[in-house]
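Here the UniProt record's numbering is used: the first residue of the sequence shown is 1, the next is one more, and so on. Ideal placement from N, C-alpha and C gives every residue a C-beta, glycine not left out. Quick caveat: nothing in here was measured; it's all calculated off a predicted structure. Notes follow once the structure below has been shown.
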Amino acid sequence: MKSRSILLLAVPVLIIVAAIVRWYAWSNPTIHCSGQVTWEIGRETFSGNLSYQLKDGEGLAILSGVLKSANRSWSLGRSIYFSYTHRHNAYLLSSGKVVPSLVDNLDARYTGITVPGFYLQPGKELNLIIERYDNRWIFSTPDVPSLLCTKEP
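Here it is, written out as structure tokens:
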């Protein structure tokens with residue numbers, strides 16, 4: 001009789017704990033996303049790879065590729081450590097430490113518009129919409145899809 005009472009009490013407690021854990025995991029997902037990007041604005045083109053990792057208000061973006069203008073070409077390789085806040089699918093990223101790789105030769109005075117400042121300097125912000133779609137993540141700036149990637153299991 002005593003073990004049955006314990007069992008009747010333990011089952012609802014386990015269900016409630018499992019529901020809380022599931023809700024927390026759903027509302028605070030770990031996001032890993034990698035893909036190829038091409039950004040063309042005016043006479044500049046950036047073509048390369050971009051990856052994001054986000055969890056619990058902190059993240060890492062890795063950008064690598066080639067930026068070309070009418071008469072110049074630069075190699076980019078940057079690791080951007082950032083913090084973020086989000087409300088529903090809207091994420092506001094704020095760059096912290098920006099670490100160039102050894103192959104990065106972009107002039108620190110670069111003022112073009114193709115590569116957002118978030119990827120170049122600390123203290124810059126980037127607004128993203130991050131949505132789940134089937135087994136994928138869609139990253140977009142307002143109204144412009146920019147990255148589609150498969151979620152990790």
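Inset, instruction - For V66, collect the residues of the same chain with a Cβ closer than 8 Å to its Cβ; drop the 5 residues on either side in sequence, then sort them by chain order. - result: The residue given as residue 66 occupies position 66 in the sequence shown. Excluding sequence positions up to five before and after V66, its CB lies within less than 8 Å of the CB of F46, S47, G48, S73, W74, S75 and L76, all in the same chain and listed in chain order.
Inset, instruction - Could you check the C-alpha separation between L92 and G117 for me, to the nearest Å? - result: In the sequence shown, residue 92 corresponds to position 92, counting from 1. In the sequence shown, residue 117 corresponds to position 117, counting from 1. In this model, L92 and G117 are separated by some 14 Å (Cα to Cα).
Inset, instruction - Out of C149, S140 and L63, point me to the one whose CA is closest to A90's CA. - result: For the purposes of this step, residue 90 is taken as residue 90 along the sequence shown, with counting starting at 1. Minimum Cα distance to A90 is reached at S140.
Inset, instruction - Confirm, please, whether the CB-CB distance from L63 to L50 is below 8 Å. - result: On the sequence shown, position 50 is the one that residue 50 refers to. On the sequence shown, position 63 is the one that residue 63 refers to. With respect to the 8 Å criterion, L50 and L63 are classified as neighbours on the basis of their beta carbons.
Inset, instruction - Would you mind giving the Cβ-Cβ distance between K68 and S95, rounded to the nearest angstrom? I have them listed as a contact below 8 Å. - result: By 1-based counting over the sequence shown, the position of residue 68 is 68. By 1-based counting over the sequence shown, the position of residue 95 is 95. In this structure, K68 and S95 do not form a Cβ contact; the two beta carbons are roughly 23 Å apart against a cut-off of 8 Å.
Legend entry - Cβ neighbour criterion (16 or more within 10 Å) applied to residue 179: Residue 179 lies beyond the stretch modelled for the chain, which goes from 1 to 153, so this question has no answer here.
Legend entry - Delimiting residues of the beta strand (DSSP E) encompassing Y84: Within the sequence shown, the letter at position 84 stands for residue 84. First-last of the beta strand (DSSP E) with Y84: S73 to R87.
Legend entry - Bridge-paired residues (DSSP) for V37: Here the question's residue 37 lines up with position 37 in the sequence shown. Beta-bridge analysis with DSSP links V37 to G48.
Inset, instruction - Indicate the three-state DSSP secondary structure (helix, strand or coil) for Y110 in the structure shown. - result: On the sequence shown, residue 110 is found 110 positions in, with the first residue counted as 1. Here DSSP, grouped into helix, strand and coil, assigns Y110 to coil.
Legend entry - Per DSSP, the bridge partner or partners of P145: Counting from one through the sequence shown, the residue named residue 145 turns up at place 145. As DSSP reads the structure, P145 sits in a beta bridge with S140.
Inset, instruction - Just the C-alpha distance for G42 and C33, rounded to the nearest angstrom, thanks. - result: As a position in the sequence shown, residue 42 is number 42, starting the count at 1. As a position in the sequence shown, residue 33 is number 33, starting the count at 1. In a straight line, the C-alpha of G42 is about 27 Å away from that of C33.
Inset, instruction - With DSSP as the reference, please indicate the residues paired to S101 in a beta bridge. - result: Here the question's residue 101 lines up with position 101 in the sequence shown. Answer is none; S101 lacks a bridge partner.
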